[in-house]
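Engineer: Respectively, the protein sequence lines represent chains A and B.
Here the numbering used here is used: the first residue of the first sequence is 1, the next is one more, and so on.
Here the numbering used here is used: the first residue of the second sequence is 200, the next is one more, and so on.
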Amino acid sequence: MRRVFAYLAAALVGCGFGLGSALAMAGLLPGASTMAFGDVDVGGWRSDFAIGSRAADPYTRARVARHGLLALAKSEAVYFTRATDDAGAPLREACSYRLSGGAMPAGWWSVTLYDAASMLPANTDGALSFDASRAGEGAWEALIAPTRPQGAEHWISSRNAGTFDLTLRLYMPDSALLTDPNGALKAPRIEQLSCEPAA
Amino acid sequence: MRRWIGPLAAALGCAAAAHAAALHFAPALIMDRAIAALAERGVALHAFTAPQRVTPQAQSVVRSSPDLFYALCRYDLSEKGMTLAVRIAAWPDYQSLSFFDARTDNFATVRGTGKAVTLRLLAPGSAPSRGAIVSPTAKGVILIRRLAPSADRYAAAATASVGDACQLEP
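1. Pick helix, strand or coil for L99(A), following the three-state DSSP scheme.
2. Do we get a CB-CB distance below 8 Å when we pair A337(B) with the residues of chain A?
3. So with CB distances below 7 Å, who are the chain D contacts of Y114(A)?
4. Any idea if R329(B) is buried or exposed, counting beta-carbon neighbours within 10 angstroms, 16 or more meaning buried?
5. For Y269(B) versus L346(B), is the C-beta distance shorter than 8 Å?
6. Suppose the cutoff is 7 Å on Cβ atoms and the five residues either side in sequence are ignored; what does the same chain contact list for P369(B) look like?
7. Could you pull the start and end residues of the beta strand (DSSP E) that N305(B) belongs to?
8. So L23(A) contacts chain B; which residues on that side make the cut at Cβ distance below 7 Å?
9. Nearest-angstrom Cα distance between V261(B) and A117(A)?
10. Ignoring anything shorter than 4 residues, give me the alpha helix (DSSP H) runs that lie fully in the stretch 126-177 of chain A, in order along the chain.
11. DSSP state of E239(B), grouped into three classes?
12. C195(A) bridges to which residues according to DSSP?
13. Quick one: what does DSSP say V253(B) is sitting in, helix, strand or coil?
14. Tell me, please, which residues DSSP counts as bridged to D275(B).
15. Using DSSP's beta-bridge definition, name the partner residues of R286(B).
16. Does any CB atom of chain B fall closer than 8 Å to the CB of R158(A)?
17. Which of helix, strand or coil does DSSP assign to D231(B)?
18. Could you give the first and the last residue of the continuous alpha helix (DSSP H) run that contains F17(A)?
19. Could you tell me the boundaries of the beta strand (DSSP E) in which D292(B) lies?
20. Establish whether the CB of V40(A) and some CB of chain B are separated by less than 8 Å.
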């Protein structure tokens, strides 16, 4: 009887370990961040070019299913995410930032702000993103702040965002972006302008 | 010491089996739950459903874009001899029609900037034919994206969507 119990216990522990390790290695545990994965890093903007594809290994397949559900394959769109400013500090609602860049290697692009739960922040400012149709040709900049900065032409509201990140979407990407992302993409800069003093 | 060799081997075997099974079944399980959630939110079977414009007050999927018009259609090609007739109406800016199978793979995407697109989706195992795409699995989701970065453009995209179709046919 003791021997049967030993086998049963061993099987249970083994199954639990196998299941847990699979979920952890594939990024399927609750709270796993998209930022923890990805195979591309351009100036701090991270992307996972396996999203949407029939990736070969089972870990990537499971991870993409969880974090890239209904996302397009890289031939149609690529998604970059960044959660820190140029100095490496986390992006926070208490601070304001200048987001700047130039021409993008894609047919259309946008930058959208998401809170720590990957949702749009709960505000009614109507300033959730900035996109190619507003940027025009060449260099562009937008200010990120909890209230509209005086004189700002382009503003992304961080009101009620807490600690946040930015997602850069590049639709109809140039082929060079897919083969040499670091060479093709001039990563948008995120410069911290000021922070409210801690209460 | 020898008496632990058997249980240890059983533990290792179970760990390897559970590890492999979790990875193998995870994509299908995730998609199955996603399709069920879409159905609960009113996304129709064999018809395009356009949720409200994405705003902080109306968002149900993580990292949705407020600059895009989305419309979704669930499909089920389990019934023998049935195909899906899919059409997206013309739209002057970027628009695409993307197909996701029951294992979450984006197995086809058709771009339709400035034009209407019509095609047929065939059941798994069907012979490929011109103007048709074969679905790797019987069930899946089709998603329309239209570039609509303002309230006016979103309203225009919604008007254009009247011409979209996702219909089960013999």
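Heads up, the beta-carbon is just placed ideally off N, CA and C, and yes, glycines get one too.
Structural biologist: Based on what the coordinates show:
1. Annotated three-state conformation of L99(A) is strand, per DSSP.
2. Residue-level contact check: A337(B) does not touch chain A, since none of the beta carbons of chain A fall below 8 Å from its beta carbon.
3. No chain D appears in this structure, whose protein chains are A and B.
4. Result: exposed.
5. Contact flag unset, no.
6. Result list for P369(B): G280 and M281, in chain order.
7. Counting along the chain, the beta strand (DSSP E) containing N305(B) begins and ends at N305 to R310.
8. Going along chain B in sequence order, the residues near L23(A) (Cβ under 7 Å) are A221.
9. Counting only the Cα atoms, A117(A) lies some 8 Å from V261(B).
10. DSSP runs (the alpha helix (DSSP H)) wholly in the stretch 126-177 of chain A: 132-135.
11. Helix.
12. C95(A).
13. Correct three-state label for V253(B): coil.
14. Paired residues: K338(B).
15. Paired residues: T317(B) and A364(B).
16. Contrary to the premise, residue 158(A) reads as Ser rather than Arg in this sequence. Chain B, which has no Cβ nearer than 8 Å to the Cβ of S158(A), makes this no.
17. Helix, per DSSP.
18. F17(A) -> alpha helix (DSSP H) spans R2 to M25.
19. Looking at the DSSP string, D292(B) is not in any beta strand (DSSP E), and its letter there is neither H nor E.
20. Residue contact with chain B for V40(A): absent (no Cβ-Cβ distance below 8 Å to any residue of chain B).
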